[in-house]
Amino acid sequence: MTCLCKGDLKNPKQKCATVCGYPISIFFIVVNEFCERFSYYGMRAVLVLYFKYFLRWDDDFATTIYHTFVALCYLTPILGAIVADSWLGKFKTIVYLSIVYAVGQVILAVSAIHDITDANKDGTPDNMSFHIALSMVGLILIALGTGGIKPCVAAFGGDQFQDHQEKQRSTFFSIFYLSINAGSLLSTVITPILRGQECGIHTKQKCYPLAFGVPAALMVVALIVFIVGSRMYNKTAPQGNIMVKVCKCIGFAVKNRFKHRAPQYPKRDHWMDWAEEKYDKLLIAQVKMVLKVLFLYIPLPMFWALFDQQGSRWTLQATTMDGDFGLLVIQPDQMQTVNPILILILVPIVDSVLYPLISKCKLNFTPLRRMTVGMFLAALAFVAAALVQIQIDKTLPTFPSSTVGQAKFINMLNNPLPIKAGSNGFTLNAFKANEDYLTFDKPFELQLGVRDTYHTTIQNGTRNTIVIIQNGPHLEPKFSDITAKPEQGANAMRFLNGFASALNVTVGNQDFGLIVTNNMSDYVAVPQGDAQFKIRNNAQECVYSQKLGFGSSFTIIIPSTFAFGPNCDSSIQSVVDIRPNTIHMAWMIPQYFLITAGEVVFSVTGLEFSYSQAPSNMKSVLQAGWLLTVAVGNIIVLIVAEAATLSDQWAEYILFASLLVLVCIIFAVMAYFYTYIDPTKVEAQFAQNKPEEKKRKSLEMACKDSFKHDKEDRRSSDSSSDEEEAKQTKI
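Per this note's numbering, residue 64 is the first one in the sequence shown, and the count goes up by one each step.
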């Protein structure tokens with residue numbers, strides 16, 4: 064079965080094959096979109112963690128750069144649409160910008176290889192500026208690529224259908240949207256798993272190169288698939304961009320109104336009417352309709368300011384929670400998969416059940432009211448996030464400020480020991496530590512037992528462990544403890560050797576090194592699960608097991624009474640330095656449900672409303688305006704992240720929720736005064752008026768010509784009568 068490919072300028076008679084009534088070319092476009100969305104969302108899922116843990120940026124700066132990147136991705140579609148419609152055409156624009164996109168993904172993947180600048184092979188890049196510069200170049204190219212092709216791919220797919228294939232075209236857009244969500248869902252599941260792997264040439268680190276490399280490979284596949292279908296596409300020539308025309312019309316109206324601002328000029332019904340001297344009345348009426356909808360867009364960025372924090376603040380929130388769901392362990396960046404899963408569930412339920420039910424209840428649930436409800440649901444989502452954050456904060460340790468220091472004491476003697484540290488008095492049993500860190504703002508006297516007293520100073524802003532051995536306490540140097548939660552939900556583990564000889568400890572493929580007597584090993588990051596620690600002394604080996612959660616820190620004491628052999632692990636003691644995360648990630652599901660329900664009610668309805676209120680030839684203008692609200696929303700986040708001085712994260716969540724409720728009220732008032740229109744009727748009215756307008760103008764011209772001729776006749780008759788009169792006078 065074949066169909067005529069309309070619009071191919073080189074060969075208008077060219078035929079293209081169809082399958083079940085659909086052009087084969089659209090299958091290449093759908094596969095291309097799936098791979099491109101996998102590439103984009105997969106990269107974005109791990110991006111904020113890459114900023115924090117690889118580039119070593121703090122939470123606020125990582126959030127700022129993340130939202131700057133997302134904003135750029137939603138600003139560049141305007142540029143892509145102008146280039147496609149005015150210069151290159153959709154096909155060439157997609158190909159050229161996809162190449163830019165793929166190069167950006169590859170550069171980002173290369174920037175995440177720590178071995179490139181790790182000259183001393185310690186696992187930390189020596190030239191972080193090089194990695195940051197590469198990352199920024201990659202992200203700029205990605206933003207240019209993904210944003211530039213965003214308005215082109217769907218429209219190019221629609222171009223493949225003929226006028227009589229409206230049903231197939233509608234089905235194509237449904238499949239197209241499904242491919243977007245499928246790519247998003249799979250990538251947000253897979254790339255965090257890839258990130259969780261360990262890779263490297265000299266030292267093993269979290270595998271960000273693989274997490275970015277697979278999306279880069281998918282982008283290359285997307286480009287190849289799209290080019291393979293080149294001969295089958297219906298490629299329409301650029302016909303000029305309506306956005307440019309609209310901007311010129313608005314610019315002329317403003318300029319003309321400014322020129323005629325003096326009071327002697329009569330006022331016009333609408334300021335756009337000042338463009339009548341140059342532009343057609345139909346175009347001016349269409350621009351008025353578009354501006355009416357764009358005015359309603361003004362409050363909308365606040366919704367996106369909250370919505371897009373799923374990939375930044377909410378991901379960082381998940382790093383402080385317990386992701387053990389029993390059968391599977393969820394990584395913090397995998398929680399984002401809840402959103403596309405809920406979309407696939409909620410969209411049919413809302414469309415097929417909720418809206419018809421509301422309609423049967425005789426409730427006038429207009430599109431603008433739906434959008435208001437969606438904004439309110441997003442605000443509730445952030446209230447839920449704040450409540451979860453308050454519970455998380457209760458479980459977090461109190462780390463020392465810059466004006467105080469903290470210390471913990473471990474008794475390595477084989478007998479109880481009374482201790483007095485400053486004003487704090489307590490007794491430590493053999494091979495035990497005090498439960499909580501003690502805080503000191505000045506030097507203090509440390510008294511051990513009855514006789515021994517030591518003058519002790521704790522450096523401000525630090526946590527320390529003071530180990531008491533047979534010859535007195537380990538005061539200089541003290542053992543430094545970590546002053547933050549372990550990264551990426553790992554567990555910071557170290558060993559204190561009280562055994563009579565040096566020991567070597569390993570867990571998996573990680574080595575704690577040789578630990579001499581009465582000394583402490585360095586911290587080693589151990590993942591969640593049942594950890595098997597192997598303690599060796601020459602040919603002897605003892606296995607010590609401990610179940611680990613997320614984000615904890617332990618000091619494991621090997622006492623002087625330790626002995627290899629059966630039950631060798633019974634004497635080993637585990638001291639909690641930082642408790643594991645106890646708030647489960649499942650508590651984030653309500654906030655994800657609320658934000659997704661808000662998205663379904665707000666975003667889908669918003670697009671539907673915009674299209675219903677826009678002229679037929681200006682859908683792209685509203686699409687650009689809609690994407691612009693997303694960009695502005697992300698700019699709001701980065702402004703708040705940098706400008707807000709709130710010390711508590713829950714307070715920032717409440718601030719965003721409050722701002723959205725305020726904006727929601729403003730939008731509800733604007734919606735109340737909005738009058739719905741039917742653009743097709745307005746356009747039809749102008750189409751009917753056009754012949755009458757032409758007829759009226761022709762009549763006016765005819766009247767003018769008739770008047771002119773009459774005037775000339777009168778003048779000629781007057782002159783002839785004057786001549787006759789002169790002749791008679793002479794006679």
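The beta carbon of each residue, even a glycine, is placed where N, CA and C say it ideally should be.
### Query
What residue does the alpha helix (DSSP H) around P463 start on, and which one ends it?
Counted as a single uninterrupted DSSP element, the stretch harbouring P463 is not any alpha helix (DSSP H), since DSSP gives it neither H nor E.
### Backbone secondary structure at Y328 - three-state DSSP
In the structure shown, Y328 sits in coil (DSSP, three-state: anything other than H, G, I, E or B).
### Query
Is it buried or exposed for I702, if we count other Cβ within 10 angstroms and need 16 for buried?
When all chains shown are included, I702 counts as exposed.
### Query
How about G167 and G105: are their beta carbons less than 7 Å apart?
Going by C-beta atoms, G167 is not nearer than 7 Å to G105.
#### Entry: Delimiting residues of the alpha helix (DSSP H) encompassing T435
Here the alpha helix (DSSP H) through T435 covers P430 to T458.
### Presumed contact (8 Å Cβ cut-off) between G201 and I170, rounded CB distance
Correct: roughly 4 Å between the Cβ atoms.
### Message
So, with DSSP's three-state summary, where would you put A553?
### Response
In this structure, A553 counts as coil in the three-state DSSP scheme.
#### Entry: Own chain, CB closer than 8 Å to I453, minus 5 neighbours either side, in chain order
Apart from sequence neighbours up to five positions away, the residues of its chain that approach I453 with a beta-carbon distance below 8 Å are W713, ordered along the chain.
#### Entry: beta strand (DSSP E) runs contained entirely in the segment 634–682, provided each spans 3 or more residues
Scanning the segment 634–682 for uninterrupted beta strand (DSSP E) segments of 3 residues or longer gives 636–641, listed from N- to C-terminal end.
### Task
Helix, strand or coil for G688, going by three-state DSSP, please let me know.
Three-state result, G688: helix.
### Task
Please name the residue, chosen from T466, F489 and E715, that lies closest to G524 on a Cα-to-Cα basis.
Answer by Cα proximity: T466.
### Message
Taking its Cβ as the centre, do 16 or more other Cβ atoms sit within 10 Å of L420, making it buried, or is it exposed?
### Response
Its Cβ having fewer than 16 others within 10 Å, L420 is exposed.
### Query
I think Q595 touches G612, with their Cβ atoms under 8 Å apart; what is that distance to the nearest whole Å?
Rounded to whole angstroms, the Cβ separation of Q595 and G612 is 16 Å, and the two are not in contact under 8 Å.
#### Entry: Cβ-based neighbour list, W650, same chain, cut-off 6 Å, excluding 5 preceding and 5 following
Residues V451 of the same chain have their beta carbon placed closer than 6 Å to that of W650, with the five preceding and five following residues left out of the count.
### Task
Give me the Cβ distance between M365 and L723, rounded to the nearest whole Å; I'm assuming they're in contact under 8 Å.
Going by Cβ atoms, the distance from M365 to L723 rounds to 5 Å, so yes, they are a contact pair.
### Message
Quick check: the Cα distance between Y164 and I404, rounded to an integer number of angstroms?
### Response
Roughly 27 Å separates the two Cα atoms.
### Task
Can you tell me which of the three DSSP states S486 falls into?
Coil.
### Query
Where do the ends of the alpha helix (DSSP H) carrying H130 lie?
Per DSSP, H130 belongs to the alpha helix (DSSP H) from D122 to V146.
### Message
Quick check: what's the CA-CA separation for F154 versus D122?
### Response
Rounded to whole angstroms, F154 to D122 spans 40 Å at the Cα level.
### Message
I need the straight-line Cα distance from E229 to R100, nearest angstrom please.
### Response
Going from the Cα of E229 to the Cα of R100 covers about 26 Å.
### Query
Buried or exposed: which applies to H333, given that a residue is buried once 16 or more other Cβ atoms fall within 10 Å of its Cβ?
The Cβ neighbour count for H333, taken over all protein chains shown within 10 Å, is under 16; the residue is labelled exposed.
### Query
Using 8 Å as the threshold, is the segment 464–481 in touch with the segment 496–511, meaning 3 or more CB pairs across them?
Yes, the segment 464–481 is in contact with the segment 496–511.
#### Entry: Complete beta strand (DSSP E) runs within the segment 216–286 (minimum length 3 residues, chain order)
The DSSP assignment places no complete run of the beta strand (DSSP E) inside the segment 216–286 (cut-off: 3 residues).
### Query
Between V513 and N477, what straight-line distance do the alpha-carbon atoms span, to the nearest angstrom?
The straight-line gap from Cα to Cα measures roughly 17 Å.
#### Entry: Coil, strand or helix - L509 by DSSP
Residue state, collapsed to three classes: strand.
### Query
Looking only at DSSP bridge pairs, what is P796 linked to?
The requested residue 796 is not part of the displayed model; the chain covers only 64 to 794.
### Query
Taking 6 Å as the cut-off, does the CB of A444 come closer than this to any heavy atom belonging to the ligand NAP?
As far as ligands go, the structure on display features none, and thus does not contain the ligand NAP.
### Query
By DSSP, does F617 sit in helix, in strand, or in coil?
It is a strand residue.
### Query
Which residues does DSSP pair with T516 in a beta bridge?
DSSP output for T516 lists Q510 as bridge partner(s).
### Query
Are there 16 or more other CB atoms within 10 angstroms of the CB of P430, so buried, or fewer, so exposed?
So P430 counts as buried.
#### Entry: Proximity to K213 [Cα-Cα], best of T139, N630, T187 and S242
Checking every option, the nearest Cα to that of K213 belongs to T139.
### G167, enclosing alpha helix (DSSP H) - first and last residue
DSSP places G167 in the uninterrupted alpha helix (DSSP H) bounded by K153 to S174.
### Cα-Cα separation, K641 to A547
A small fix is needed here, since residue 641 is Ile in this sequence, not Lys. When the Cα atoms are used, I641 and A547 turn out to be separated by approximately 9 Å.
### Cutoff 6 Å; reference I243; Cβ partners in own chain excluding five residues on either side
Taking C-beta separations shorter than 6 Å and ignoring five residues to either side along the sequence, the partners of I243 in its chain run R100, following chain order.
#### Entry: Unbroken beta strand (DSSP E) run spanning I532, endpoints
According to the DSSP assignment, I532 belongs to the beta strand (DSSP E) that extends over R526 to I532.
#### Entry: Proximity winner among G571, C605, Q603 and M556, relative to S584 (alpha-carbon distances)
Ranking the options by Cα distance to S584, first place goes to M556.
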